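A.B. asks: In this note's numbering, the protein residues as written are 724 to 1149. Sharing a structure below in structure tokens format, with a few things to ask.
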């Protein structure tokens, strides 16, 4: 693991955060808890090397079993390979332990946002803000889906925003690459946002994430959870009571035992979306002629479809009139991420092997990281004292930033990006 540039081994300190102890590099100061969940605890901090605020996430018992170890490895692999403005950016990774035998704690350092969508979703959003937030969620999902990555855990607490309404998706511990030749894990996403095909143990594909977006949009409008099931049976009952009993074609794709259970339930006609989301529930209509209540309701009705074969795709959602007003090909059609471990989901390893898969590659990069960052420091000092070196530094940073994203650690990439932002080169 990256022992961190400019700091010798042992340069850690411990601080108590609630019931957890954070042992972090001394460059990260002023830790303050900002969130917690099943995947880990997150603190805000000041990175005294880059002079920027960051979020430090301590994974919760990442190596307690093979499932958790694989989940930690998966999150790190996916965070390292994605590069999109609507996906949270990984800045650094470290552990206070010095060997594979001791390795128990994993810390991810990411860019810091202002709030989670949980804090925004109950505000009275106008159509522009609601549409723009949804557009950004869809752009981030489109980037993941373009590489065959299904997030599987989209919910308000896994989406973060800034005060300027920019948005990023985070938490990839439950994400996975899409596969059609076997049944995927049925119980993954937080129950309220779980798609019917997941509840019923069916094979699922990328548009499972669109159901979750529909649930989030419904919550933006009504300020309450649409399907607050107490367990997975109650969750299914809530869905069919509101949306109606699905078609026989859908039923026939279920496993026999599940089909028998579902078909023995009372038949529900469902509630129309006009009744479920009347005009008064929406914000006042925008002066922009494409951001209308009827368009918002139409988009919602296309995402909240029980049968995934009839549900809208992320590409179709991005071209929906309620969303398309923001469409930018550079955001919606960004090049897909290159997954470094394409066989991740098919492989099974021991806990020690997963730990080694996390620890060894980043350790191998640590010497290169130290040398490169020292070189960049010298160049940037030269820039501050000698204006004539600006063109050289600008060209070098442009090349190095592109190269580091593919070849070097996230610490180098973040360091370069910091200087690019600081100097305003591009």
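Even for Gly, the Cβ is constructed at its ideal location relative to N, Cα and C. A quick note: this is a predicted structure, and the numbers were derived from the prediction, not measured.
Report the partner residues of residue 813 according to the DSSP bridge assignment.
C.D. replies: 833
A.B. asks: Please work out which residues of its chain come closer than 6 Å, Cβ to Cβ, to residue 862, disregarding the five sequence neighbours upstream and downstream, and give them in chain order.
C.D. replies: Correct list, in chain order: 809, 1054, 1055.
A.B. asks: For residue 839, is the classification buried or exposed, using 16 other Cβ atoms within 10 angstroms of its Cβ as the cut-off for buried?
C.D. replies: buried
A.B. asks: Using beta-carbon positions only, say whether residue 832 and residue 806 come within less than 8 Å of one another.
C.D. replies: no
A.B. asks: Which whole-angstrom value is the C-beta distance of residue 1060 and residue 804, which I expect to be below 8 Å?
C.D. replies: The beta-carbon separation of residue 1060 and residue 804, rounded to 4 Å, stays under the 8 Å limit for a contact.
A.B. asks: CB-CB under 7 Å to residue 858, same chain, minus the five flanking residues each way: which ones, in chain order?
C.D. replies: 1046, 1049
A.B. asks: Between which two residues does the beta strand (DSSP E) containing residue 778 stretch?
C.D. replies: 775-782
A.B. asks: If contact is defined by three or more beta carbon pairs under 8 Å, each pair taking one atom from either stretch, is the segment 775-790 in contact with the segment 815-831?
C.D. replies: Contact between the segment 815-831 and the segment 775-790 is present, because at least three Cβ pairs lie under 8 Å.
A.B. asks: Going by C-alpha distance, which of 741, 769, 762 is nearest residue 756?
C.D. replies: 741
A.B. asks: Across which residues does DSSP place residue 838 in a beta bridge pair?
C.D. replies: Beta-bridge pairing links residue 838 to 884.
A.B. asks: Looking only at C-alpha atoms, which of 763, 989, 1004, 1042 sits nearest to residue 880?
C.D. replies: Ranking the options by Cα distance to residue 880, first place goes to 763.
A.B. asks: Which residue marks the beginning of the beta strand (DSSP E) containing residue 765, and which one marks its end?
C.D. replies: For residue 765, the enclosing beta strand (DSSP E) has its first and last residue at 763-770.
A.B. asks: What are the uninterrupted segments assigned as alpha helix (DSSP H) that are 4 or more residues long and contained completely in the segment 954-1012, given in chain order?
C.D. replies: 955-966, 971-974, 979-986, 996-999
A.B. asks: Determine which residues share a DSSP beta bridge with residue 756 and list them.
C.D. replies: 766
A.B. asks: What's the gap between the Cα of residue 972 and the Cα of residue 770?
C.D. replies: Straight-line Cα distance between these residues: approximately 55 Å.
A.B. asks: Taking the CB atoms as reference points, tell me whether residue 941 and residue 802 lie closer together than 8 Å.
C.D. replies: no
A.B. asks: Assuming the contact rule is C-beta atoms closer than 8 Å, residue 1023 and residue 1005 should be a hit. Round their C-beta distance to whole Å, please.
C.D. replies: Not quite, the Cβ-Cβ distance comes to about 10 Å (not below 8 Å), so this is no contact.
A.B. asks: Any idea which residues DSSP pairs residue 736 with across the strands?
C.D. replies: 747
A.B. asks: From the DSSP output, in three-state form, read off residue 844 for me.
C.D. replies: coil
A.B. asks: For residue 890, write down the residues that DSSP places opposite it in a beta bridge.
C.D. replies: The partner list for residue 890 (beta bridge, DSSP) reads 884.
A.B. asks: By a C-beta neighbour count over all protein chains shown, 10 Å radius and 16 as the cutoff for buried, is residue 1016 buried or exposed?
C.D. replies: buried
A.B. asks: Per DSSP, what kind of secondary structure is residue 866 in: helix, strand or coil?
C.D. replies: helix
A.B. asks: Please state the DSSP three-state secondary structure of residue 1073.
C.D. replies: coil
A.B. asks: Pick helix, strand or coil for residue 1049, following the three-state DSSP scheme.
C.D. replies: Residue 1049 falls in the coil class under three-state DSSP.
A.B. asks: Exposed or buried, residue 994, counting other C-beta atoms within 10 Å across all chains shown (16 or more means buried)?
C.D. replies: Per the 10 Å Cβ criterion, exposed.
A.B. asks: Which residue comes first and which comes last in the alpha helix (DSSP H) that contains residue 929?
C.D. replies: Taken as a continuous stretch (DSSP letters only), residue 929 belongs to no alpha helix (DSSP H), as it is neither H nor E.
A.B. asks: Under 8 Å Cβ to Cβ from residue 1082, same chain only, skipping five residues before and after it: list those, please.
C.D. replies: 724, 818, 823, 826
A.B. asks: Roughly how many angstroms lie between the CA atoms of residue 1077 and residue 990, to the nearest whole one?
C.D. replies: When rounded, the distance between both Cα atoms is 47 Å.
A.B. asks: At which residues does the alpha helix (DSSP H) containing residue 1024 begin and terminate?
C.D. replies: 1016-1026
A.B. asks: Express the C-alpha separation of residue 790 and residue 734 in angstroms, rounding to a whole number.
C.D. replies: 31 Å
A.B. asks: So, residue 955 versus residue 938, is the Cβ gap smaller than 8 Å?
C.D. replies: Result no, Cβ atoms of residue 955 and residue 938 do not sit closer than 8 Å.
A.B. asks: Assuming residue 1029 contacts residue 992 (C-beta within less than 8 Å), just tell me the rounded distance between them.
C.D. replies: So it is not a contact: roughly 13 Å between Cβ atoms.
A.B. asks: Could you tell me which of 793, 953, 945 sits nearest to residue 1020, measuring between CA atoms?
C.D. replies: 945
A.B. asks: How many Å lie between residue 980 and residue 850 at the Cα?
C.D. replies: 44 Å
A.B. asks: With 16 as the cutoff for other CB atoms within 10 Å, does residue 975 come out buried or exposed?
C.D. replies: exposed
A.B. asks: Check each candidate in 918, 835, 878, 749 and name the one with the smallest Cα separation from residue 886.
C.D. replies: 835
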